[in-house]
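In our numbering, the protein residues as written are 819 to 1061.
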């Protein structure tokens, strides 16, 4: 009810919803863009999972596929970060799960404002042709290139439709999956008209989300992270990131 009464940005996907939502909230707030946000984890910057701005015309929310609840949303901007089989107690089969994501994308008010991970390879549905793709692994509208680690942080350049968009973007969180999460946030901020240099500056200052590769301890060569990963794909990516 809250989302459908305002302009909305809905972040969907089997993985990454909370981190992407928090990244977008961080970028928008630091760039002076008024937004309400409801995130599925505690954002370190705000020490809360919500941002309330009664005057804001936009609301940012996670679009959770569990119980098909994301099909109650009709967003102005929709992000789909991953479609891996999950919640099969609700959907029964992987194919029904994919169909629900297809229906969610169809509910986006503007087909040019659907933002999808280019690595999604569904078995039965067709991804929208007009969607804005993003990837750190393959060709996409919003693409990370020259990915490297500098001073313990992932650094990369961003292309938009093949042209240089951001040079030397910095993602403080570990893991290439977080580079892709950052690309989703960049794509949304760009869609909202925020300038590339402002996006880059805000992203570099992102502090993360509690229990999403949260560094608890770092001393005497010993490091402890806390992470919520529970889906097999999430655990795989987490281990890769730590390595």
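Ideal Cβ placement from N, Cα and C applies to all residues, glycine included. On a predicted model such as this, the values are computed, not experimentally measured, just so you know.
Asked                                                                                                             : Found
For residue 981 and residue 964, the rounded distance between their alpha carbons                                 : 14 Å
Stretch pair the region 1012–1024 + the region 841–859: three plus CB contacts closer than 8 Å                    : yes
Opposing strand residues paired with residue 855 [DSSP bridges]                                                   : 869, 878
6 Å CB neighbourhood of residue 972 in its chain, flanking five on each side removed                              : 989, 997
Residue 948 beta carbon less than 8 Å from that of residue 934                                                    : no
Extent of the continuous alpha helix (DSSP H) run through residue 898                                             : Premise fails: residue 898 lies in the beta strand (DSSP E), 895–898, not in any alpha helix (DSSP H).
Residue 993: CB within 7 Å of a non-hydrogen atom of the ligand FMN                                               : The ligand FMN is absent from the structure shown, which contains no ligand whatsoever.
Own chain residues within Cβ distance below 8 Å of residue 835, not counting five before or after                 : 829, 858, 880, 881, 882, 899
Simplified DSSP state of residue 998, which is helix, strand or coil                                              : helix
Reduced DSSP category for residue 966 - H, G, I as helix; E, B as strand; rest coil                               : strand
Reduced DSSP secondary structure (H/G/I, E/B, other) of residue 955                                               : coil
Between the CA atoms of residue 1058 and residue 992 - distance to the nearest angstrom                           : 10 Å
Cβ shell of residue 913 (< 6 Å), same chain only, five flanking positions each side left out                      : 942
Residue 868, buried or exposed, once every other Cβ within 10 Å from all chains shown has been counted against 16 : exposed
Closest residue to residue 961 among 838, 977, 824 (Cα-Cα distance)                                               : 977
Helix, strand or coil at residue 936 according to DSSP, with G and I counted as helix                             : coil
As assigned by DSSP and simplified to three states, the class of residue 950                                      : strand
From 1033, 916, 1047, 953, residue whose alpha carbon lies closest to that of residue 889                         : 916
With 16 other Cβ atoms within 10 Å as the buried cut-off, status of residue 1048                                  : exposed
Environment of residue 1060 [buried if 16+ CB atoms lie within 10 Å]                                              : exposed
CA nearest to the CA of residue 874, picked from 860, 826, 1041                                                   : 826
Check whether residue 861 and residue 999 have beta carbons under 8 Å apart                                       : no
Status (buried if at least 16 other CB within 10 Å, exposed otherwise) for residue 930                            : exposed
Contact check, residue 1042 vs residue 1034, beta carbons under 8 Å                                               : yes
Beta-carbon separation (whole angstroms), residue 958 vs residue 975, contact threshold 8 Å                       : Contact doesn't hold; Cβ gap of about 14 Å is too wide.
For residue 839, the first and last residue of its enclosing alpha helix (DSSP H)                                 : 835–848
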